[in-house]
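*Asks:* Dropping the structure in here first, questions after.
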Amino acid sequence: METISIKTSADHSDSTTQYDAIVIGAGFAGMYMLYRLRQLGMSVCVYERGNDVGGTWYWNRYPGCRCDIESLCYSYSFSPELEQEWSWTERYAAQPEILQYAKHVADRFDLRRDIRFRTTVTAAFFDEKSNKWQVTTSDGECARARFLISAVGCLSSGIVPDIPGLTDFKGAWYHTGSWPHETVDLSDKRVGLIGTGSTGIQFSSEIAHSVGHLTIFQRTPNYSVPLCNEPLDKKDLEEAKANYRSMRALCRYSMAGSPYVGNKKKAVDDTNDSRERNFAAAWDGAGFSFVFCYSDLLLDIDSNRTAAEFVERKIREAVKDRAVADLLVPQGYPLGAKRLCVDTGYYQIFNRDNVSLVDVRESPIEYITPTGVRTLHEEYDLDVLVFATGYDAITGPLLRMDIRGRNGRSLRQKWREWPQSYLGLMMEGFPNLLTITGPGSPCVLVNMIVSIEQHVEWIADCIAAMDRDGKQTIEPDAEAESSWSNMVDEIANSTLYPLTDSWFTGKNVNGKSSRFTPYAGGMGQYRRICEEIVEDGYRGFRFDAGCAKI
Ligand code: NA7
1241 METISIKTSA DHSDSTTQYD AIVIGAGFAG MYMLYRLRQL GMSVCVYERG
1291 NDVGGTWYWN RYPGCRCDIE SLCYSYSFSP ELEQEWSWTE RYAAQPEILQ
1341 YAKHVADRFD LRRDIRFRTT VTAAFFDEKS NKWQVTTSDG ECARARFLIS
1391 AVGCLSSGIV PDIPGLTDFK GAWYHTGSWP HETVDLSDKR VGLIGTGSTG
1441 IQFSSEIAHS VGHLTIFQRT PNYSVPLCNE PLDKKDLEEA KANYRSMRAL
1491 CRYSMAGSPY VGNKKKAVDD TNDSRERNFA AAWDGAGFSF VFCYSDLLLD
1541 IDSNRTAAEF VERKIREAVK DRAVADLLVP QGYPLGAKRL CVDTGYYQIF
1591 NRDNVSLVDV RESPIEYITP TGVRTLHEEY DLDVLVFATG YDAITGPLLR
1641 MDIRGRNGRS LRQKWREWPQ SYLGLMMEGF PNLLTITGPG SPCVLVNMIV
1691 SIEQHVEWIA DCIAAMDRDG KQTIEPDAEA ESSWSNMVDE IANSTLYPLT
1741 DSWFTGKNVN GKSSRFTPYA GGMGQYRRIC EEIVEDGYRG FRFDAGCAKI
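In my numbering, the protein residues as written are 1241 to 1790.
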């Protein structure tokens, strides 16, 4: 048996370029993965569909796009120097600033020289003879590597609903997830918006003041709480920079990857007055962490109802027109079961004369005409139509590629019923394919950067251990994969998340198998499990010293 030696630069010895690792995607996950693989002395190629780094923050350029996790913890922790030199300007950074940060990281660590931009990976298959992945790209190129690492992101496969007539629409139309790079002038335009999730809420709050008229087509009202954004001044930054290490340590072992220490108390056990005060304080400053202001809001339907009723009162206080407020109050599902939205003045825009709300559950969109949208009861003339209609989340970006493991079996086939994985990191039958923030990991339920860093570090340590021990491949056991997937399911079923359709369950995509996909046990617990598995000799994985002939 021969084990392959690690090369420090790409090998072009046959017509197919050989690397030690291929990474797909140059967002925050792909950039950090590249950085860590280089530290191991590996030759790496990162393929990126976009023209630059940034991933989500490269594509989502729509007005109002902003992160609802605090900037100071929605940032890399791996470089204390980077932490000290970068100064965030707002508590919650807007998209341009986050993209600037991503570009700064790429420059500072000289990442771009190993990234192939404007290149989409279309297919990848595992060649069992050589124990290599062969990757095909949109420009017809092939490359091979020992490791294939997906950093494609969880929310990068946008959905435009199949509404008849869209191709005949004479105005401009956009999906928020692939917003144009040039400025889109919406001033004085009649804008139609379909979708009222986090994106639609951010977009409409931002543009309502400057457009001619905004018509919001709402199918399901969402729960939204105030973001409470504010500038970060010199003192805030000095304090944050002095305390980065302790803050990061808190994030790593917390429930949601944030330093916010949630209330241990249960809402049902509190008195009405105390609960009201607690909700009011969270409303006035917690942002997304509103959902953690009691320990049981996502676990106990009665507790959840107390929070939902509080938000309902806030909506009714904010919106003057009773009938509009009725439409905006979510009904029939728990607060937070669809991801909680966070806004800046959303409910208030409905008091404006130039904003109207159309209930498309009561009067569904029938088709798009050359000049607007036709619902069951009415026609709306529009100059611009914006789809904030979400994503084929978590598995969608992986399944856009034709990925084939042992015996030519495709990932699509494997995941037809259920996207099973071990730790959200690897799939049985797909050796040396690693998925950063894959299905079955905490991914979208926690601060994505904390989640990404944990996965990248786990993967880098695993590869280093394999090289130390002369192992060529790693693959999870079927049993480990299935018991992990069952546990993900059980944990989800102990929460309120599965009580509604959402992109968490895949029910927002026609024909997609419906399962609650992320691991809901929290970031800290997940990290501990990953650590224990390593301490236990990578329990549930099997390694092969394999043949490594090219
Ligand atoms: P979401 O949260 O999936 O929201 C999509 C919205 O689009 C939601 O309100 C949907 O209503 C609506 N939608 C989808 N298809 C249609 C059709 N055909 N007609 C009317 N309305 C429709 O996506 P976002 O981009 O807002 O947010 C995704 C995540 O990104 C967010 O949670 C953050 O983590 C960042 P529905 O609820 O299905 O009735």
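Glycine residues also receive a C-beta, built at the ideal position from the N, C-alpha and C atoms.
Per the contact definition of three or more C-beta pairs closer than 8 Å, is the region 1296-1309 in contact with the region 1319-1335?
*Replies:* yes
*Asks:* In angstroms, rounded to a whole number, what distance separates the CA positions of residue 1257 and residue 1618?
*Replies:* 58 Å
*Asks:* Could you tell me whether any non-hydrogen atom of ligand 1 is closer than 7 Å to the CB of residue 1309?
*Replies:* no
*Asks:* Would you say the beta carbon of residue 1433 is closer than 7 Å to some non-hydrogen atom of ligand 1?
*Replies:* no
*Asks:* Within this structure, are the beta carbons of residue 1305 and residue 1442 separated by less than 8 Å?
*Replies:* yes
*Asks:* If residue 1705 and residue 1280 are in contact, beta carbons under 8 Å, what's the gap, nearest whole angstrom?
*Replies:* Actually they are not in contact, since the Cβ atoms of residue 1705 and residue 1280 sit about 11 Å apart, beyond 8 Å.
*Asks:* Could you give the residue range of the alpha helix (DSSP H) that holds residue 1702?
*Replies:* 1688-1708
*Asks:* Whole angstroms is fine: what's the gap from residue 1557's alpha carbon to residue 1524's?
*Replies:* When rounded, the distance between both Cα atoms is 15 Å.
*Asks:* Thinking just about the alpha-carbon of each residue, which of 1666, 1553, 1572, 1574 is nearest to the one in residue 1565?
*Replies:* 1553
*Asks:* Can you tell me whether residue 1489 is buried or exposed? The criterion is at least 16 other CB atoms within 10 Å of its CB, across all chains shown.
*Replies:* exposed
*Asks:* Which residue from 1638, 1686, 1626 puts its Cα closest to that of residue 1579?
*Replies:* 1686
*Asks:* Ends of the beta strand (DSSP E) at residue 1338?
*Replies:* Following the DSSP letters along the chain, one finds residue 1338 in no beta strand (DSSP E) but inside the alpha helix (DSSP H) bounded by residues 1335-1348.
*Asks:* Hey, residue 1532 and residue 1496 are a contact pair by Cβ (cut 8 Å); roughly how many whole angstroms apart?
*Replies:* 7 Å
*Asks:* Is the separation between the beta-carbon of residue 1373 and that of residue 1673 shorter than 8 Å?
*Replies:* Cβ atoms of residue 1373 and residue 1673: closer than 8 Å.
*Asks:* Is residue 1304 near ligand 1, going by C-beta to nearest heavy atom under 7 Å?
*Replies:* Incorrect: residue 1304 has no Cβ contact closer than 7 Å to ligand 1.
*Asks:* Report yes or no: do three or more beta-carbon pairs, one from the region 1617-1634 and one from the region 1437-1457, lie closer than 8 Å?
*Replies:* Taking one beta carbon from each stretch, the region 1617-1634 and the region 1437-1457 have 3 or more pairs nearer than 8 Å; the two touch.
*Asks:* In or out: residue 1471 buried (at least 16 other Cβ within 10 Å) or exposed?
*Replies:* exposed
*Asks:* Of all the options 1454, 1353, 1277, 1679, which has the alpha carbon lying nearest to the alpha carbon of residue 1593?
*Replies:* 1454
*Asks:* Using the three-state DSSP reduction, which class does residue 1241 fall into: helix, strand or coil?
*Replies:* Summary for residue 1241: the model assigns pLDDT 28, below 50, so the residue's position carries little reliability; its value from the coordinates is reported in the next sentence. Correct three-state label for residue 1241: coil.
*Asks:* For residue 1271 and residue 1261, I'd like the C-alpha separation in whole angstroms.
*Replies:* 13 Å
*Asks:* Which class does residue 1673 belong to by DSSP, given the choice of helix, strand or coil?
*Replies:* strand
*Asks:* Assign residue 1616 to one of two classes, buried (16 or more other C-beta atoms within 10 Å of its C-beta) or exposed (fewer than that).
*Replies:* Exposed, since its Cβ has fewer than 16 Cβ neighbours within 10 Å.
*Asks:* Tell me whether residue 1259 sits in a helix, a strand or coil according to DSSP, three-state version.
*Replies:* strand
*Asks:* Look up residue 1332 in the DSSP assignment and give the residues it is bridged to.
*Replies:* None, per the DSSP bridge assignment.
*Asks:* Kindly indicate which residue of 1657, 1651, 1484, 1290 has the alpha-carbon position closest to the one of residue 1793.
*Replies:* The chain is shown only over 1241 to 1790; residue 1793 falls outside these bounds and no answer can be derived.
*Asks:* If you reduce the DSSP assignment to three classes, tell me which class residue 1369 lands in.
*Replies:* coil
*Asks:* Here's a check: name, in chain order, each residue in its chain whose Cβ is nearer than 7 Å to the Cβ of residue 1378, leaving out the five neighbours to either side.
*Replies:* 1359, 1360, 1362
*Asks:* Measure the C-alpha to C-alpha separation of residue 1780 and residue 1677 and round it to an integer number of angstroms.
*Replies:* 19 Å
*Asks:* Less than 7 Å separating the Cβ of residue 1333 from some heavy atom of ligand 1?
*Replies:* no
*Asks:* Please list, in chain order, all residues of the same chain as residue 1609 whose beta carbon is under 8 Å from its beta carbon, the five residues on each side excluded.
*Replies:* Beyond the five residues adjoining it in sequence on each side, residue 1609 comes within less than 8 Å, by CB distance, of 1405, 1408, 1409, 1619 in the same chain, given in chain order.
*Asks:* Just checking, does the region 1687-1694 make contact with the region 1314-1326 on the three C-beta pairs under 8 Å criterion?
*Replies:* Yes, they touch.
*Asks:* I want to know whether the region 1648-1666 touches the region 1419-1435 - three or more CB-CB distances under 8 Å.
*Replies:* For the pair of segments examined, the region 1648-1666 was found not to touch the region 1419-1435: the number of CB pairs separated by less than 8 Å stays below three.
*Asks:* Kindly examine ligand 1 and report whether one of its heavy atoms sits closer than 7 Å to the Cβ of residue 1395.
*Replies:* yes
*Asks:* Looking at the structure shown, is residue 1790 part of a helix, part of a strand, or coil, going by DSSP?
*Replies:* With a pLDDT of 36 at residue 1790, under the threshold of 50, the modelled position of this residue cannot be trusted; read the value that follows with caution. Three-state DSSP puts residue 1790 in coil, outside helix and strand.
*Asks:* If you count every other CB in all the chains shown that lies within 10 Å of the CB of residue 1695, and 16 or more means buried, which is it?
*Replies:* Buried is the call here.
*Asks:* Identify whether residue 1724 lies in helix, strand or coil by the three-state DSSP scheme.
*Replies:* helix
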